[in-house]
Amino acid sequence: AQKITQTQPGMFVQEKEAVTLDCTYDTSDPSYGLFWYKQPSSGEMIFLIYQGSYDQQNATEGRYSLNFQKARKSANLVISASQLGDSAMYFCAMREGGNTPLVFGKGTRLSVIA
Amino acid sequence: DTGVSQNPRHKITKRGQNVTFRCDPISEHNRLYWYRQTLGQGPEFLTYFQNEAQLEKSRLLSDRFSAERPKGSFSTLEIQRTEQGDSAMYLCASSMGQGVNQPQHFGDGTRLSIL
């Protein structure tokens, strides 16, 4: 079974608009962390934002925020005021407590249109 | 503060040849990870080190693959007798500590193409 599911292979957004990238996860471990990474065409994986399973508030980092709905097991990334430089692949990943490797989804390709 | 460095960026080789990649993690990070990413997929875990000890290996890491981190600093990943299916991006990441909240910081990757 997929541990991380990203159902949107591709998304388009107009410059300066907000966009939500979906991520659902599957775990029975009460302690886990959820991460979002950005991968431009150059290939580097850039860490964007983190949400812990015990965090009471949704994480925010600049224009990035995480809509964490624990009961639904979803951790959607919201990018506000999209910029052309936001065009990239975006990956959701999970790390379960006591288990070190990150498990990634298949990613969503975001294209920002001028 | 330099990031994770990987060399080479690209490697093209003939099937059956051996290849070796190098990863230099962020200097104070004690954990180092190797992932493989094929086209259209997210990265998949291969193996990781805490200092010089290799603590976990994925079933993806066949006996043709070997990884080392001899002094707990840089790491090498060697693939022997390369096959077409080894063509992929090989990503290295490092982190400090073992908490579930520790992000892994990735290098630019090494893209391997098998002719």
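If you read the sequences in order, they're chains E and X.
Counting from 1, position 16 in the first sequence corresponds to residue 357 in my numbering; the numbering is continuous, with no gaps.
Counting from 1, position 1 in the second sequence corresponds to residue 67 in my numbering; the numbering is continuous, with no gaps.
Where a beta carbon is used, it is the ideal one built from N, C-alpha and C, also for glycine.
Values in this document were obtained by computation on a predicted structure and should not be read as measured data.
Residue i classed as buried or exposed, judged by whether at least 16 other C-beta atoms fall within 10 angstroms
i: residue 452 of chain E; result: exposed
i: residue 411 of chain E; result: exposed
i: residue 72 of chain X; result: buried
i: residue 78 of chain X; result: exposed
i: residue 402 of chain E; result: exposed
i: residue 152 of chain X; result: buried
i: residue 136 of chain X; result: exposed
i: residue 350 of chain E; result: exposed
i: residue 109 of chain X; result: buried
i: residue 427 of chain E; result: buried
i: residue 97 of chain X; result: buried
i: residue 76 of chain X; result: exposed
i: residue 448 of chain E; result: buried
C-beta atoms of residue i and residue j nearer than 8 angstroms
i: residue 99 of chain X; j: residue 381 of chain E; result: no
i: residue 154 of chain X; j: residue 141 of chain X; result: no
i: residue 130 of chain X; j: residue 146 of chain X; result: yes
i: residue 396 of chain E; j: residue 438 of chain E; result: no
i: residue 375 of chain E; j: residue 416 of chain E; result: yes
i: residue 116 of chain X; j: residue 157 of chain X; result: no
i: residue 379 of chain E; j: residue 444 of chain E; result: no
i: residue 94 of chain X; j: residue 162 of chain X; result: yes
Chain-ordered chain X contacts of residue i [CB-CB under 8 angstroms]
i: residue 391 of chain E; result: 167, 169
i: residue 373 of chain E; result: 166
i: residue 432 of chain E; result: 108, 109
Candidates the options: closest to residue i by CA position
i: residue 363 of chain E; options: E:377, E:427, E:436, E:398; result: E:377
i: residue 424 of chain E; options: E:345, E:402, E:455, E:346; result: E:455
i: residue 372 of chain E; options: E:394, E:422, E:348; result: E:394
i: residue 400 of chain E; options: E:418, E:383, E:444; result: E:418
i: residue 138 of chain X; options: X:114, X:107, X:166; result: X:114
i: residue 366 of chain E; options: E:386, E:359, E:436; result: E:436
i: residue 111 of chain X; options: X:160, X:93, X:69; result: X:160
i: residue 420 of chain E; options: E:346, E:352, E:348; result: E:352
Within chain E, the residues that residue i reaches when beta carbons sit closer than 8 angstroms
i: residue 155 of chain X; result: 384
i: residue 122 of chain X; result: 441, 442
i: residue 174 of chain X; result: 383, 384, 385
Proximal chain X residues relative to residue i, where beta-carbon distance stays under 7 angstroms
i: residue 296 of chain E; result: In the structure as shown, chain E starts at 342 and stops at 455, and residue 296 of chain E therefore has no counterpart that could be examined.
i: residue 448 of chain E; result: 108
i: residue 436 of chain E; result: 166
i: residue 445 of chain E; result: 108, 109
Under 7 angstroms from the C-beta of residue i: neighbouring residues of chain E
i: residue 115 of chain X; result: Those within 7 angstroms of residue 115 of chain X in chain E number zero; the least Cβ separation is about 11 angstroms.
i: residue 152 of chain X; result: Result: empty, since nearest Cβ-Cβ is about 17 angstroms, beyond 7 angstroms.
Cross-chain neighbours of residue i in chain X, by beta carbon under 9 angstroms
i: residue 376 of chain E; result: 169, 170
i: residue 353 of chain E; result: What residue 353 of chain E touches in chain X: nothing, since even the nearest Cβ is about 18 angstroms away.
Taking contact to mean at least 3 C-beta pairs separated by less than 8 angstroms, is the region 80 to 94 of chain X in contact with the region 166 to 181 of chain X?
-> yes
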